[in-house]
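Peer 1:
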Amino acid sequence: MKLAQLISQTGEPEATIQTLCHLLKMERTQVFLLKDIKDDIALQAMNVVKEYKKGIPLAYLLGHTFFYNHDFIVTKDVLVPRYDTEHLVLWAQRTIIADFVVNAGKETYKILDLCCGSGIIGVCLAAGCAWLNERHKNFQYEVTASDFSEAALDVTSQNAALHNADIKLVHSDLLEDIHEKFDMIVSNPPYIRTMDIGVEDKRILQEPRMALDGGPDGLYFYRRILATAKKNLKPNGTILFEIGYDQAKDVTEIAAKLGYKNITVYKDLANHDRVVTMRV
Ligand SMILES: C[S@@+](CC[C@H](N)C(=O)[O-])C[C@H]1O[C@@H](n2cnc3c(N)ncnc32)[C@H](O)[C@@H]1O
Numbered sequence: 101m102k103l104a105q106l107i108s109q110t111g112e113p114e115a116t117i118q119t120l121c122h123l124l125k126m127e128r129t130q131v132f133l134l135k136d137i138k139d140d141i142a143l144q145a146m147n148v149v150k151e152y153k154k155g156i157p158l159a160y161l162l163g164h165t166f167f168y169n170h171d172f173i174v175t176k177d178v179l180v181p182r183y184d185t186e187h188l189v190l191w192a193q194r195t196i197i198a199d200f201v202v203n204a205g206k207e208t209y210k211i212l213d214l215c216c217g218s219g220i221i222g223v224c225l226a227a228g229c230a231w232l233n234e235r236h237k238n239f240q241y242e243v244t245a246s247d248f249s250e251a252a253l254d255v256t257s258q259n260a261a262l263h264n265a266d267i268k269l270v271h272s273d274l275l276e277d278i279h280e281k282f283d284m285i286v287s288n289p290p291y292i293r294t295m296d297i298g299v300e301d302k303r304i305l306q307e308p309r310m311a312l313d314g315g316p317d318g319l320y321f322y323r324r325i326l327a328t329a330k331k332n333l334k335p336n337g338t339i340l341f342e343i344g345y346d347q348a349k350d351v352t353e354i355a356a357k358l359g360y361k362n363i364t365v366y367k368d369l370a371n372h373d374r375v376v377t378m379r380v
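Heads up, the sequence shown is in the numbering used here, so the first residue is 101 and it goes up one at a time.
1) Give me the residue from Asp140, Gly219 and Asn233 with the minimum Cα distance to Leu269.
2) Output the distance between the C-alpha atoms of Leu120 and Tyr320, rounded to the nearest integer angstrom.
3) Just list the residues that DSSP pairs Lys361 with in beta bridges.
4) By alpha-carbon positions, which one of Arg293, Leu326 and Arg303 ends up nearest to Asp313?
5) Can you check which of these residues, Ile343, Asp277 and Ala252, is closest to His187 by C-alpha distance?
6) Contact defined as beta carbons within less than 8 Å: I believe Cys216 pairs with Thr185. What is the distance between those atoms, to the nearest angstrom?
7) Under a three-way DSSP split, which group does Phe167 fall into?
8) Is it buried or exposed, Glu307, if we count other Cβ atoms within 10 angstroms and call 16 or more buried?
9) Write down the C-beta distance between Thr208 and Gln240 rounded to the nearest angstrom, noting that I regard them as a contact closer than 8 Å.
10) Is the beta carbon of Arg303 less than 8 Å from the beta carbon of Gly163?
11) For Met284, write down the residues that DSSP places opposite it in a beta bridge.
12) Quick one: using the 10 Å Cβ neighbour count with 16 as the cut-off for buried, is Phe132 buried or exposed?
13) Count the other CB atoms within 10 Å of the CB of Asp277; is the residue buried (16 or more) or exposed (fewer)?
14) Based on DSSP bridge pairs, tell me the residues matched to His271.
15) Please tell me whether, using a cut-off of 7 Å, the distance from the CB of Met310 to the nearest non-hydrogen atom of ligand 1 is below it.
16) Can we count Pro289 as close to ligand 1, meaning its CB is less than 7 Å from some heavy atom?
17) Rounded to the nearest angstrom, how far is the Cβ of Glu250 from that of His271, given a contact under 8 Å?
18) May I ask whether a heavy atom of ligand 1 can be found less than 7 Å away from the beta carbon of Ala252?
19) Kindly indicate which residue of Gln109, Ser108, Ile107 and Val148 has the alpha-carbon position closest to the one of His122.
20) Based on Cα-Cα distance, which residue from Asp136, Ile267 and Trp231 lies nearest to Leu212?
21) Count Cβ pairs between the stretch 368-376 and the stretch 330-343 that sit closer than 8 Å; are there 3 or more?
22) Can you give me the C-alpha to C-alpha distance between Pro289 and Asn336, rounded to a whole angstrom?
23) By the three-class DSSP mapping on this structure, what secondary structure does Glu186 have?
24) Is the beta carbon of Val178 less than 8 Å from the beta carbon of Ala311?
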């Protein structure tokens, strides 16, 4: 069967292509160049896309997805990684390099991925730190990932192993059982308003509620984290949050009231406010 024929049968071009990449272990361009798709593969792809059309996220059906150019294991116990979060990783990496320039690697740089889910943030930052360490041996780092969901921590552990990333795992209700001090706390906490969950996209109702629900105004986790984070930050330590496109004003106000400094908002490529950073 030709690719065009298969796509016209499924009616879902993107899901079909991603499924073929998965089944055939090929890059997208290789899939586009296929002269013919074997019947058994076409049938498997049709079955996957059929489930996808019922509202199950593709990453759950395939068991993995790509994020920041890395392949990650994804199960129904974790949020499906979003492109928005790549922007948070990008700013965290820039901050690590900027801090290294200032501190010249005097102390081990300690990073906490709080609310780690599948571990995408911690794993990408550990990979970036390993890259920096290869070039500057005096840059030493330590990455910790934490979540309240034991099942999510298990997925983070699998992803850390997959990418050969040395990540310490801590089970904790936010910062309650975390007693170390970090140079950086980076977090994509649940931030959807309870009433808004599933309104725009029913597919997200398949994802763990505890990965999405930010309380009535979506700000519950920012308030709680900011209220206690100073105990877990070294002097001049930094916090980076992913935020919803309309939450910059509220999150910066909460941070300012609690005395955080250098509060900065960064936009994503769609020109939406997406990342808030601050220092103690
Ligand atoms: C929006 S998801 C982010 C997952 C991952 N960091 C990402 O960006 O894809 C939020 C995560 O917060 C976790 N979480 C929810 N409540 C928590 C709590 N009280 N303490 C720690 N983690 C919590 C959820 O289990 C979920 O993994």
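Glycine is no exception: its CB is placed at the ideal position from the N, C-alpha and C atoms. All values reported here derive from a predicted model rather than from experimental measurement.
Peer 2: Let me lay it out:
1) Translated into the one-based positions of the sequence shown, residue 269 becomes position 169. Taking only the C-alpha atoms, the option nearest Leu269 is Gly219.
2) Counting from one through the sequence shown, the residue named residue 120 turns up at place 20. Counting from one through the sequence shown, the residue named residue 320 turns up at place 220. When rounded, the distance between both Cα atoms is 40 Å.
3) Residue mapping note: residue 361 aligns to position 261 of the sequence shown, counting from 1. The partner list for Lys361 (beta bridge, DSSP) reads Arg379.
4) By one-based count along the sequence shown, residue 313 stands at place 213. Closest by alpha carbon: Arg293.
5) Counting from 1 along the sequence shown, the entry for residue 187 is found at position 87. Of Ile343, Asp277 and Ala252, the residue nearest in Cα terms is Ile343.
6) Position 116 of the sequence shown, counted from the start, is the residue given in the question as residue 216. Position 85 of the sequence shown, counted from the start, is the residue given in the question as residue 185. Cys216 to Thr185, Cβ: 11 Å. No contact.
7) Working through the sequence shown from its first residue, we reach residue 167 at position 67. Of the three classes helix, strand and coil, the one that applies to Phe167 here is strand, per DSSP.
8) As a position in the sequence shown, residue 307 is number 207, starting the count at 1. Of the other Cβ atoms in all chains shown, 16 or more fall within 10 Å of the Cβ of Glu307; this residue is therefore buried.
9) On the sequence shown, residue 208 is found 108 positions in, with the first residue counted as 1. On the sequence shown, residue 240 is found 140 positions in, with the first residue counted as 1. Their Cβ separation, rounded to whole angstroms, is 4 Å, which keeps Thr208 and Gln240 in contact under 8 Å.
10) Numbered from 1 along the sequence shown, position 203 holds the residue referred to as residue 303. Numbered from 1 along the sequence shown, position 63 holds the residue referred to as residue 163. Contact: no.
11) Stepping through the sequence shown from its first residue, residue 284 is reached at position 184. Under DSSP, Met284 shares a beta bridge with Ile211 and Thr338.
12) Within the sequence shown, residue 132 is the residue found at index 32, counting from 1. Exposed.
13) Here the question's residue 277 lines up with position 177 in the sequence shown. Residue burial is scored here from C-beta neighbours: Asp277 has fewer than 16 other C-beta atoms within 10 angstroms and is therefore classed as exposed.
14) Within the sequence shown, residue 271 is the residue found at index 171, counting from 1. Looking at the DSSP assignment, His271 forms a beta bridge with Asp247.
15) Taking the first residue of the sequence shown as position 1, residue 310 is located at position 210. Within the cutoff, so yes.
16) Position 189 of the sequence shown, counted from the first residue, corresponds to residue 289. Remark: the shortest separation between the CB of Pro289 and any heavy atom of ligand 1 falls under 7 Å.
17) On the sequence shown, position 150 is the one that residue 250 refers to. On the sequence shown, position 171 is the one that residue 271 refers to. About 6 Å separates the two Cβ atoms, so the contact holds.
18) As a working mapping, residue 252 is identified with position 152 in the sequence shown. Ala252 Cβ: within cutoff of ligand 1.
19) Taking the sequence shown and counting its residues from 1, the one referred to as residue 122 is at position 22. Looking only at Gln109, Ser108, Ile107 and Val148, the smallest Cα-Cα distance to His122 is reached by Val148.
20) As a position in the sequence shown, residue 212 is number 112, starting the count at 1. Nearest option by C-alpha distance: Ile267.
21) Flag = yes, the stretch 368-376 and the stretch 330-343 touch.
22) Taking the sequence shown and counting its residues from 1, one reaches residue 289 at position 189. Taking the sequence shown and counting its residues from 1, one reaches residue 336 at position 236. Going from the Cα of Pro289 to the Cα of Asn336 covers about 22 Å.
23) Numbered from its first residue, the sequence shown carries residue 186 at position 86. Here Glu186 sits in helix by DSSP.
24) Residue numbering aside, residue 178 sits at position 78 when the sequence shown is read from its first letter. Residue numbering aside, residue 311 sits at position 211 when the sequence shown is read from its first letter. Against a cut-off of 8 Å, the Cβ pair of Ala311 and Val178 comes out as a contact.
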